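Residue 220 in the UniProt record's numbering sits at position 220 of the sequence shown, and the numbers go up by one each step.
We put the beta carbon where it would ideally sit given N, CA and C, even for glycine.
Because the structure is a prediction, the values reported are computed rather than measured.
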Amino acid sequence: MAQPDASLSGTFKLGGELSINRLGYGAMRITGDGVWGEPADPDEALRTLQRIPELNINFIDTADAYGPDISEWLIHKALHPYSGLVIATKGGLTRTGANQWIPVGRPEYLLQQVHKSLRNLAVEQLDLWQLHRIDPKVKKDEQFDAIKSMLDEGLIRYVGLSEVGVEDIQLAQKYFPVATVQNRYNFVDRKHEAVLDYCQQQGIGFIPWAPLDQGDLAASSSLLTDIAKEQQVSPSQVALAWLLKRSPVMLPIPGTSKVAHLEQNVSAANVTLSDEQFAKLDELGRNAG
């Protein structure tokens, strides 16, 4: 196979303006177990980050809750001043320990976290800031109004949402343009099909988190394995190629803390599925849901 090149995945314009290559990188895995603390191999994590621009990945997704702060710090250390890179981050989840994720959507907290991410990443404006979760204990209007204020102040350029339904997006759109939506979505986890379809209609980028968490069916699927053999690639590369073909607004962000795995993921951009292969995998994934 040719050298891995994320630019082969095609492009998408955030907010209709800022062009990125569709196959990006998710920076959650450059932390410790439970997305807590330092990575087991900090040097390899840094090498992985430094390899990103060489593979023509120009979209990196992180969050203040990854570590917490560790992911943003490592991105700064490895890649600042981010020439040609779009760094997206998230806020609205606080951490009390490994694998603990608690929504906090109070306006003053969201503002605090935006300022902290600005410091962590050493930038004057965040390219894309995403509300990590809508806090059910705080009125949605209050959360969205706070985000609009930060957008108006120029602290953030574009706004995204995470783990939301169509009605949430429509309400948020009354306060600000929604540039991206980041929901769990992969080959067999298809509960957000309606959200994806709405995003495509609206020109909103759809960032599928856990894009390679295909589950037992996908891992053992003879169809996935057969197509991978036909293409002379791995099943995970076929799964990513399927995502890229599913929608022009799809922005997969597979994550890893190892250079070799990063290169393998990016090589998915070289894979072209036939319409027949796509349709068969689509049917298999839908039936698994």
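Leaving out five residues on either side along the sequence, give the residues of the same chain with a beta carbon under 8 Å from the beta carbon of residue i.
{"i": "residue 5", "result": "55, 56, 266, 269 and 270"}
{"i": "residue 76", "result": "120, 121 and 122"}
{"i": "residue 296", "result": "Only positions 1 to 289 of the chain appear in this structure, which leaves residue 296 out of reach."}
{"i": "residue 204", "result": "169, 178, 179, 180, 181, 198 and 249"}
{"i": "residue 117", "result": "64, 72, 89, 91, 126 and 129"}
Does the Cβ-Cβ distance between residue i and residue j come in under 7 Å?
{"i": "residue 146", "j": "residue 110", "result": "yes"}
{"i": "residue 241", "j": "residue 212", "result": "no"}
{"i": "residue 63", "j": "residue 89", "result": "yes"}
{"i": "residue 259", "j": "residue 48", "result": "yes"}
{"i": "residue 262", "j": "residue 252", "result": "no"}
{"i": "residue 183", "j": "residue 210", "result": "no"}
{"i": "residue 158", "j": "residue 10", "result": "no"}
{"i": "residue 26", "j": "residue 58", "result": "no"}
{"i": "residue 28", "j": "residue 66", "result": "yes"}
{"i": "residue 131", "j": "residue 171", "result": "no"}
{"i": "residue 107", "j": "residue 142", "result": "yes"}
{"i": "residue 13", "j": "residue 19", "result": "yes"}
{"i": "residue 293", "j": "residue 139", "result": "With the chain covering 1 to 289 only, the question about residue 293 has no answer from this structure."}
{"i": "residue 61", "j": "residue 105", "result": "no"}
{"i": "residue 247", "j": "residue 200", "result": "yes"}
{"i": "residue 229", "j": "residue 278", "result": "no"}
{"i": "residue 286", "j": "residue 190", "result": "yes"}
Whose C-beta lies closer than 6 Å to the C-beta of residue i among residues of the same chain, with five residues either side of it excluded?
{"i": "residue 193", "result": "none"}
{"i": "residue 30", "result": "39, 45, 71, 74 and 257"}
{"i": "residue 50", "result": "78"}
Under 7 Å Cβ to Cβ from residue i, same chain only, skipping five residues before and after it: list those, please.
{"i": "residue 283", "result": "none"}
{"i": "residue 217", "result": "Confidence in residue 217 is poor, its pLDDT being 46 and thus under 50, which makes the residue's placement too unreliable to answer from."}
I'd like to confirm the pairing. Which residues does DSSP put opposite residue i in its beta bridges?
{"i": "residue 103", "result": "93"}
{"i": "residue 82", "result": "Residue 82 pairs with nothing; no bridge assigned."}
{"i": "residue 11", "result": "21"}
{"i": "residue 88", "result": "61 and 128"}
{"i": "residue 26", "result": "61"}
{"i": "residue 67", "result": "36"}
Q. Would the stretch 31-43 and the stretch 237-251 be scored as touching if the rule is three or more Cβ pairs under 8 Å?
A. By the Cβ criterion, the stretch 31-43 is not in contact with the stretch 237-251, since fewer than three pairs of Cβ atoms, one from each stretch, lie closer than 8 Å.
Q. In chain order, which alpha helix (DSSP H) runs of at least 4 residues are fully inside the stretch 193-262?
A. Runs of the alpha helix (DSSP H) inside the stretch 193-262: 193-202, 215-220, 222-231 and 235-246.
Q: Kindly confirm or deny that the stretch 97-109 and the stretch 32-41 touch, where touching means at least three C-beta pairs closer than 8 Å.
A: Counting Cβ pairs under 8 Å, three or more are found: they touch.
Q: Could you name each continuous alpha helix (DSSP H) segment of 4 residues or more that falls completely within the stretch 144-189, going from the start of the chain to the end?
A: Within the stretch 144-189, the runs of alpha helix (DSSP H) at least 4 residues long that lie entirely inside it are, in chain order, 166-172.
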